[in-house]
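*Asks:* According to the numbering used here, the sequence shown is numbered sequentially starting from 740.
All C-beta atoms in this analysis are idealised placements derived from N, C-alpha and C, irrespective of residue type, glycine included.
Note that this is a predicted model, so its numbers are computed, not measured.
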Amino acid sequence: MEFNISIEKRYFFTILGALFLITGIFAVYAYGTNEPEVFGHSVGELDIKLDCTYAIRNAGEEPVIISGDASAIESIGIGGGFDEKWGLGCVNDYKKTGCYLADFTGESIDSDVTSTSDGQGCVTDDEEYNASAGLSIVCCKIAAN
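1) What is the rounded straight-line gap between the Cα of Glu747 and the Cα of Asp786?
2) Quick one: what does DSSP say Gly828 is sitting in, helix, strand or coil?
3) Contact check, Pro802 vs Ser814 under 8 Å by CB: the rounded distance?
4) Tell me the DSSP bridge mates of Tyr839?
5) Kindly identify the DSSP beta-bridge partner or partners of Ala757.
6) I need the DSSP call for Tyr896, collapsed to helix, strand or coil.
7) Would you mind reading off the limits of the beta strand (DSSP E) that contains Thr689?
8) What does the alpha-carbon distance come out to for the pair Ala882 and Tyr793?
9) Per DSSP, which one or two residues make a beta bridge with Ile881?
10) Grouping DSSP H, G and I as helix and E and B as strand, with all else coil, what is Thr762?
11) At which residues does the beta strand (DSSP E) containing Thr863 begin and terminate?
12) How many angstroms separate the CA atom of Ile876 from the CA atom of Thr855?
13) Closest by CA to Cys878, which one among Gly818, Ile805, Gly837?
As structure tokens, this is what we get:
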């Protein structure tokens, strides 16, 4: 007795690919790989916790820490002079994640806030100083677990 099955090459590979796909799906489901612990990681290990500091500096004043670590922020320049830059910067392994400039009423203003050369600070010039603007910064770092 002889069996002879004749299948075109492309159909053979389509069937073979479908079998591999079904086998792979079954293996993933059977071994519970949707749980990180199976592969050596706990859920807490995969969570990233950020330690952030929020600060604001009004023209001509010292920075005020809204929340976070005061050692994460530095004051840049004094402002008030012709085209003199002033602002806030992030230090001690904190990285700048945002800047915001508002007028004395809290409204966002069209401004020329720029980054410092190292990218970790926000500075503006005498026009915003004379307008009594407030410059805020957010500095974050990954917190140790």
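*Replies:* In brief:
1) Spanning the two alpha carbons is a distance of roughly 50 Å.
2) Strand at Gly828.
3) The Cβ separation is near 5 Å, so the contact holds.
4) Within the DSSP bridge table, the entry for Tyr839 names Ser875 as partners.
5) For Ala757, which the question treats as bridged, DSSP gives no partner whatsoever.
6) The chain is shown only over 740 to 884; residue 896 falls outside these bounds and no answer can be derived.
7) In this structure the chain extends from 740 to 884, so residue 689 is not present and cannot be described.
8) Between the C-alpha atoms of Ala882 and Tyr793 there is a straight-line separation of about 16 Å.
9) DSSP output for Ile881 lists Leu789 as bridge partner(s).
10) Note: Thr762 maps to helix in three-state DSSP.
11) Here the beta strand (DSSP E) through Thr863 covers 860-863.
12) Using only the alpha carbons, I get a separation of about 13 Å.
13) The shortest Cα separation from Cys878 among Gly818, Ile805, Gly837 belongs to Gly837.
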